[in-house]
Every structure is written in structure tokens, then in C-alpha cells.
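Remarks on the structure that follows.
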Amino acid sequence: MTSVNKSKVEDLALFGGKMLFARARSTSNLYQPNFDRFLSYSKIFFEAGQYTNNGPLVMELERRLAEFHKTRYCVCFCSGFWALVLAIRCLALAGRVEVVMPSLTYRRLADVVAWAGLIPRFCDVDPSTLAISPKTVEPHLGLNTALIIAVHPIVNCCDAVQLEQLGLDYGIPILFDGVESVYETIASRKVGSFGNGECFSLHASKLINGFEGGYLTTNDEALFRRLALMRGFGFANQDYVVELGTNAKLNEIHAAMALACLDELEDQIVRNRERYRCYQRDLKDISGIRLLTFDESELCSFKNIVVELLRDWPLSRSVTLDLMNAEGVLARAYYSPPLHMKKATYSVITGSLPFSELLSENFVLMPCGEHVDIDDIHEIVGLLVFIKDNSAAIQQQVAA
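Every position in the sequence shown, counted from 1, becomes a number in the working numbering once 1014 is added.
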């Protein structure tokens, strides 16, 4: 582990010292495939003269993703947002308005539910997984439940097998948000094959970079066909509208980028594992901080690095993040605040969610992805050691 070039607290960037990284190290993946590979895919749609409206690359990407997730169907969209909104509109039970979902999750997920015209009903999470479980979901199910949205956490997965069964037992559809779990398996079954459908993102920050975009995988032919109509204004053919839709199509250049990244996915996983192993080694003997470990009995992408600041960590998370961010280490608070504690401009249903509130105060998403290398990780962990060792002086400086 590298020791940072700082001898006193005044050397910290927050207090006027030189930044550790002139180019910030972020939590976004930002994978760039081989440029010639990307161009070779782009040449296909360019020479065909079809740039959108379910062109050859979008169809190939859907075929490849369905094969990758071991599902019958995949439908691509211009964003993960519209994949979720349109899937919710399709799956929600008629005459019901509540969508049971975690509060400790992506900051805009409740907005997605509201966009679909429904009411988020927040449930708590299991403290051992940071994810919803049958135990946390079941008390919220009732005659007004239209849908369950089960979100995989940033590291590892929720109990999709039992949640899928819970939905079947109650006759309530379940939609999985697998944005951070593209590569993973659960009980040796690929994420993407659970529930009524699973949504993913092709944003540049995600495992598969399509610049922007999203997709849904499913084994339900009726859902697949309806979503394929809805993303294209509901047109079944020219001037014949059969479904209330919008313009949510993925264009060909985004599909070209995603295909190029998909070709190189296994190489990316190798590098992700190397970064994770480095964090594992460097953090193991530092008291007050705990690395969330991946379940290596399953396939995992090793993409995201999350740590917990324990009770004996000497500084608050907010001060720790301020210190790191000032150095160009763009670590982020993990899902904070939880959604039920934020002011909403639409109706929500909530109650006591003690684990969501407690867990939202302790976790940090660390720099990772293709623009973070092993030397960077040594520097980042060295910075944490310096912060910990000089915490008393830092507290005095912050107070002053």
C-alpha cells in the first residue's frame, strides 16, 4: 500500500493542500471498448442506411442479451428509465395503485413509479444483504398492491428465488431491477431470468456501456411484444396504432457501442476482479472500515466497491467524504438519504423503516471502474489511513 505524500493535515486539499488526483477518480465504470471494434459495428447500420426503428444492430443486441441472460426475449430502450416505466405500466395489476419497493435504493426509483401513475409503498431491507427480502416485503402486500419492484443492491443480489415465489403465492407480478447485477447468478441461475421481467441500464457508468440505453429481459412473450410496441409510439405498422406508447427506441449507434462492450465483457471482469482484490488486501488490516465482500460461490462482476464505516471509524461519513472528494477521490454516500426520508412531490406510503435509516448512514461507494488502476487504489487507501491516523487534528481543523 502506498503512503500518500502528506505529512500534516494542512497538506489535505480540503484545507488548502495539493489534490491527490488532478484527474478525479470516480465510481462510474466508463468502459471504452476497442475503437475499431465499435467502428466495425457502426459500419453495419451506416451502410444499411438504418439508424433507428429496430435496425440490424438493435436486433442483434437483443438476441445477444437474451442469450447472455438465458431468457427467451429481450427488448431494448433509449434508457433504463423508460424500460422501468413501460414495464411497470404493463405489469401493474389493473385497479390497484401501490408498488412495494425498497426505500434504500436508487434516488430516482420512486420517481419512476410516480411517472407510471402509481404510488410507491416503501419497505425495509435485510441488514445482512442491504436488499429487500420476502420478510420485509410480505407485510406490505394487500388488496391494493399492483406490483413488487425488487432491486438488487450494489454488491451481490437480493433473494430472487424466494421473492419470485412470494409473488406467485400472492398472485402479484414482480419486476426486478438488475441495473447493478448484470453478470451475476443466483443459485447458479442468471440474473435476468427471474420474475415477470428484469430491467437493466446501458448507461456509460454501468457494466455494459451503450453511451445510454436500457433493456428488459423476460420469458413472457406477451410482455415482450407489448413493450416492443410501446417503445415505438404503439405503431403496429405504418399509421396503425394499437397501444399507448412513446418514443423510447434505442438507436443503432448506441447498440454498436453496447455490442462492442459485450464482446469484451470477460476481459473487463478480469480487471474488475484485480481491483477488488487490491482493495481486499489494502483494507484488511485497517480497523474501523469493512469491505463488502462478493459472494464468490456465484458469478459476480466485481464492478462496485462498497465499504462500511464502523463505529470505531473516528470521523463522520460526511467529513470523510468531504476530505476524499477534495482530493479528487469521488467516493459517494451509499443510497443516502433513503427515499422515505426525502420530500416528494407525489404520494408515497411509508412507515417505520429502521434498518433503511441506519444503513444509509454507514456505507460508502468507492472509486472503481476502467479509469481506476491498482496504483490509484493504493493511493486511495493510503489516504484513508492518513485520515484515520490524523483524525484528531482533522476534527480540530474542521471545528475551526
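No residue lacks a Cβ here, since even glycine has one placed at the ideal position from N, Cα and C.
Asked                                                                                                                                                        : Found
Taking only the alpha-carbon atoms, compute the straight-line gap between K1317 and L1221 and give it to the nearest angstrom.                               : 7 Å
Between L1100 and Q1411, what straight-line distance do the alpha-carbon atoms span, to the nearest angstrom?                                                : 51 Å
Let's test the definition: count the other Cβ atoms within 10 Å of the Cβ of M1115 and tell me whether it reaches 16, buried, or not, exposed.               : buried
If we ignore side chains and look at the alpha-carbon of each, how far apart do T1150 and A1062 end up?                                                      : 51 Å
Please name the residue in S1117, R1051, E1198, N1068 whose C-alpha comes closest to that of M1244.                                                          : N1068
If you draw a straight line from the alpha carbon of V1111 to that of D1138, how long is it in whole angstroms?                                              : 19 Å
Tell me where the beta strand (DSSP E) around R1037 begins and ends.                                                                                         : Element bounds for R1037: n/a, residue is neither H nor E.
In whole angstroms, give me the CA-to-CA distance for E1288 and I1388.                                                                                       : 8 Å
Would you kindly report the start and end of the unbroken beta strand (DSSP E) that includes D1191?                                                          : 1188-1191
Taking V1072 and E1266 to be in contact with their CB atoms under 8 Å, please state how far apart those CB atoms are, rounded to whole angstroms.            : 6 Å
Hey, how far is the Cα of H1354 from the Cα of S1056?                                                                                                        : 44 Å
For D1253, does the count of other Cβ atoms within 10 angstroms reach 16, so buried, or fall short, so exposed?                                              : exposed
Taking DSSP as the reference, what is the three-state secondary structure of A1201?                                                                          : coil
With DSSP collapsed to three states, give me the class of F1029.                                                                                             : helix
Have a look at A1108 and G1302 and give me their C-alpha separation to the nearest angstrom.                                                                 : 49 Å
For D1277, does the three-state DSSP call read helix, strand or coil?                                                                                        : helix
Have a look at M1033, G1031, R1039, Y1045 and flag the residue whose alpha-carbon is nearest the alpha-carbon of L1279.                                      : Y1045
Given a cut-off of 8 Å on the beta-carbon distance, is the pair E1375 and S1350 in contact?                                                                  : yes
Between the Cα of R1039 and those of T1085, M1338, C1090, W1129, spot the shortest distance and give me the residue it belongs to.                           : M1338
Is the separation between the beta-carbon of A1272 and that of L1075 shorter than 8 Å?                                                                       : yes
Tell me where the beta strand (DSSP E) around Y1349 begins and ends.                                                                                         : That residue, Y1349, is in no beta strand (DSSP E); it is neither H nor E in DSSP.
From the beta carbon of S1142, is the nearest beta carbon of chain C less than 8 Å away?                                                                     : The structure shown contains no chain C; it is built from a single protein chain.
Determine whether the beta carbon atoms of G1094 and F1214 lie at a separation below 8 Å.                                                                    : yes
Looking at V1196: is its Cβ nearer than 8 Å to the Cβ of C1171?                                                                                              : no
Report the start-end ranges of each beta strand (DSSP E) in the region 1104-1141 that is 3 residues or longer and not cut off at the edges.                  : 1112-1116, 1133-1137
Flag this pair as yes or no: are the beta carbons of I1394 and P1381 separated by less than 8 Å?                                                             : yes
Using the beta-carbon count (16 or more within 10 Å), is E1226 buried or exposed?                                                                            : buried
Would you call the region 1133-1148 and the region 1156-1169 in contact, with 3 or more CB pairs under 8 Å?                                                  : yes
In angstroms with no decimal places, state the Cα-to-Cα distance between S1361 and L1258.                                                                    : 24 Å
Check whether the region 1358-1372 touches the region 1123-1133, taking contact to mean three or more Cβ pairs, one atom from each stretch, closer than 8 Å. : yes
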